[in-house]
Every structure is written in structure tokens, then in C-alpha cells.
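Before any comments, here is the structure.
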């Protein structure tokens, strides 16, 4: 089973789709947390889509440097509690690979 959490921009999502498709082909259940703008592509790769609250893609794509930083900070702050709650439920009892925090962090428990 694999859960993917990614930044909602084409340059981040598109490169992961062949990996998602291969994991699904090998029998893994893949859940991809994202915005509605990417749902069709991700479902076509075989993953189950879990939408971030709000649905729409909040980041400009292609990014505009100033707008990107401001909107990325606002979006992260707005989504963090909801996404963390979803991930805690989805990842209970499962290893977390590629995390940016130590395993002993309260975020992983």
C-alpha cells in the first residue's frame, strides 16, 4: 500500500504518475492526496484520489515567483491540520518513507 502526498503543480504530479501506475500494476493500493485539478490523471494511473479540502488548485501553474511563495504559505497553513488528520488515519501502523521529520516525531504517531 502506498500513500502519496504532493505539491499540487504539474511539475510535481506528472513525474510521479508512471511510478503510481507501476505500483498499481504490481498490486499495490495507491492513495494520492491532491487537488481536483489532478484527479483524472491520477485515477487514470490507477490510484485512489483523496482530495485536499477546498478542491480547486490554489497555486498558479506555471508558478509566478512572488504569488507562488505567498499562496504556498497560505495554502500550507490552511490545509495542514486537515491533511495531518487524514494522514494519521491513513498511515496508522504503516511505515513512513521519505518523511521530512524523524520517525519519533509526534507527527508520525
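Residue numbers (my numbering): 66 to 174.
Cβ atoms here follow ideal geometry from the backbone N, Cα and C, with glycine treated the same way.
Owing to the predicted nature of the structure, the values given are computational and were not obtained by experimental measurement.
Query	Result
Neighbour-count burial assignment, residue 138, 16 or more Cβ in a 10 Å radius	exposed
Rounded C-alpha distance that separates residue 107 from residue 90	14 Å
Residue 94, enclosing beta strand (DSSP E) - first and last residue	Neither: residue 94 is in no beta strand (DSSP E) and is coded neither H nor E.
Distance CB(residue 147)-CB(residue 118) smaller than 8 Å	yes
Cβ pair residue 85, residue 103 closer than 8 Å	no
Pairwise C-alpha distance: residue 99 and residue 81	12 Å
Where the alpha helix (DSSP H) through residue 104 begins and ends	104-109
Rounded C-alpha distance that separates residue 153 from residue 130	32 Å
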